[in-house]
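These notes concern the structure reproduced below.
What follows is the structure in structure tokens.
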């Protein structure tokens, strides 16, 4: 029970979406909140190889909202487990209904909001209404493209179509076009194993994202956007995806990037056929395809529901703890041609300006507080081995407790030795502290400093310390905590204080300024607290974003601890997985 519970919570990446909803998920978009104030239809046209295509969306206040525009053919039937194929169009698309999330486990917020389907490769576009059709007073607007998180196992683009961010940008005099992209998850988008590799079925979710981004590049001008001013941003698995796309040095699909809580190396290394053959074989077994002449074709021929059921059984089985991430990006010789660690270390990445940051207490979301007592019975090394079961050098096990003691400190990092009236244990705070740094902070700091060393100095770092009203106090500033602030959901009507509302407005202003100017400070006097660049080794500037306070700090907290994790001789994600 403990092993599977711990691993599902940590490694699926959807703990907050399936068990304890985060504040953002608790406020998740529903049809009434997206189009409840819609007053009229809006129209535009884009050009496809077969001719012009009219698109009808809905007008809400001063925005045009287009939901469910297909950018690829449905990846079903023979197209399952294949790279996405550009959509074919008739003469008209009615883009007024929420599209389904990609097929994923029932009970997730994404599944509850709009249902799920294999036919899920759609973009959603929110743009000023007067950037469309005959009004067309606005054009060549900067474009912000969102890639959602969910552990490469869940998530949905439709959760991020609330108009609040786009409305804030418009009302502040810096209108943008906001786009969200759907992509396949789980076995449908990120399968591993030699059979998947042999059939070109790896990294399909990343390929979906790329085709969606290409659609934006080709067609966003019809929605008032400038195809030369595209910024991509994402959180968690979305941030990992953003930085994965940065591995293409010659890419021309975006000019800036924002990574919230994750980089391409946050996964701890990348799967190879040896590591990930067993989960594929187990999936085949649970799907009833073992003993067939061609297991890949057998999986391909199953119904989507049957394949999903096998995936759920596989990821919750007693064997799941031995695999780590069974789904996710992998080295395929193409999109990810080599180890991301080695590529970035060698300077092989797109030198676009970027923002990267983490929430101060990321790990509290991943390890359930209900495990506090069980963790007390284990040494730290055992908890790490179970929760992240890739081989570590013995020195890592021998020394990790020197840096993360079991003394009641830990996550949340500003809580001293408080155990929150017995809600958590000292062991839980210790383990969540390790995973905050192991999964998130160490990877952010390493990528940021490495980029600086290669001359990319248009980089900005942040440390988010806010929280949201529904979250328990012992979560601190947990994974996903920044999302309501970035997407304009931190409002008084949802229980946020005036200082929290102000923090949300500041974050939206910084993000919109970056989309406009590739600088979160904007131009002239923006009224925001200055946010200087991070340019290691000259400085380690980072903006601490707290409720009631925005101040520049040096990104050197837990310097020795994080340096120990990042040391190549100790870093298991570099040494122990063939990377």
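Numbering (my numbering), first residue to last: 15 to 593.
Backbone N, C-alpha and C fix where the C-beta goes; we use that ideal spot for every residue, glycine too.
CB-CB length for residue i against residue j, believed under 8 Å
i	j	result
residue 61	residue 69	Residue 61 to residue 69, Cβ: 11 Å. No contact.
residue 375	residue 492	5 Å
residue 409	residue 274	Rounded, the Cβ-Cβ distance is 32 Å, inconsistent with contact.
residue 191	residue 110	Wrong, their Cβ atoms sit about 18 Å apart, outside the cutoff.
residue 418	residue 575	7 Å
residue 86	residue 99	6 Å
residue 80	residue 160	Going by Cβ atoms, the distance from residue 80 to residue 160 rounds to 14 Å, so no, they are not a contact pair.
residue 128	residue 114	5 Å
residue 82	residue 112	7 Å
residue 476	residue 369	7 Å
residue 97	residue 214	7 Å
residue 6	residue 479	Outside the shown range of the chain, which is 15 to 593, sits residue 6, and nothing can be said about it.
residue 433	residue 342	Rounded, the Cβ-Cβ distance is 34 Å, inconsistent with contact.
residue 261	residue 117	Between residue 117 and residue 261 the Cβ distance is about 27 Å, and since that is not below 8 Å, they are no contact.
residue 186	residue 400	No, residue 186 and residue 400 are not in contact; Cβ-Cβ is about 48 Å, not under 8 Å.
residue 174	residue 501	6 Å
residue 249	residue 507	With a Cβ gap of about 23 Å, residue 249 and residue 507 do not count as contacting.
Reference residue i, options the options, closest by Cα
i	options	result
residue 132	569, 451, 316	316
residue 188	281, 180, 442	180
residue 420	206, 408, 395	395
residue 361	440, 424, 462, 190	462
residue 78	138, 449, 126	138
residue 310	397, 212, 323	212
residue 402	345, 172, 445	445
residue 436	508, 447, 422	422
residue 372	321, 526, 452, 216	452
residue 596	123, 96, 118, 145	Only positions 15 to 593 of the chain appear in this structure, which leaves residue 596 out of reach.
residue 566	482, 544, 84	544
residue 531	245, 494, 108	245
residue 523	262, 511, 536	536
residue 484	503, 429, 558	503
residue 222	232, 210, 233, 202	202
residue 220	329, 167, 513	167
residue 217	318, 542, 197, 228	197
residue 384	455, 499, 520, 439	439
residue 259	225, 234, 507	225
residue 547	392, 331, 75, 471	471
residue 415	429, 430, 397	397
residue 63	74, 540, 105	105
residue 447	124, 459, 428	428
residue 136	172, 413, 152	172
residue 443	454, 426, 580	426
residue 72	177, 390, 195, 538	177
residue 65	520, 494, 233, 457	233
residue 74	143, 549, 134	143
residue 126	411, 169, 162, 579	169
residue 363	392, 330, 257	257
Which residues DSSP lists as bridging residue i, in chain order
i	result
residue 182	Per DSSP, none; premise fails for residue 182.
residue 476	371, 557
residue 314	Residue 314 is not bridged to any residue.
residue 568	555
residue 123	The partner list for residue 123 (beta bridge, DSSP) is empty, contrary to what the question assumes.
residue 271	246, 368
residue 136	84
residue 322	In the DSSP output, where bridge partners are listed per residue, residue 322 has none listed.
residue 142	77
residue 10	Nothing about residue 10 can be read from this structure; the chain reaches only from 15 to 593.
residue 158	192, 245
residue 130	115
residue 563	560
Beta carbon proximity, residue i to chain C, threshold 7 Å
i	result
residue 437	Annotation note: the requested chain C is absent from the structure, which comprises a single protein chain.
Any non-hydrogen atom of the ligand ADP closer than 6 Å to residue i Cβ
i	result
residue 493	Only the bare structure without any ligand can be found here, which leaves the ligand ADP out of the picture.
- Query: If you pair each beta-carbon of the region 227–244 with each one of the region 153–173, do three or more pairs fall below 8 Å?
  - Reply: yes
Can at least three beta-carbon pairs, one atom from the region 481–499 and one from the region 457–467, be found at a separation below 8 Å?
no
Counting pairs of beta carbons, one from the region 248–257 and one from the region 380–398, are three or more of them closer than 8 Å? no
Should the region 169–185 be regarded as contacting the region 263–270, the criterion being three or more beta carbon pairs within less than 8 Å? no
Entirely enclosed beta strand (DSSP E) segments - the region 164–246, minimum 3 residues: 191–195
Could you tell me which uninterrupted beta strand (DSSP E) segments, each at least 3 residues in length, are contained entirely in the region 45–119, listed from first to last along the chain?
52–62, 65–74, 77–84, 106–108
- Taking the runs of the alpha helix (DSSP H) that are 4 residues or longer, which of them lie wholly in the region 426–465? 440–449
Original post:
Is there contact between the region 294–303 and the region 202–212, where contact requires at least three CB pairs shorter than 8 Å?
Top reply: yes
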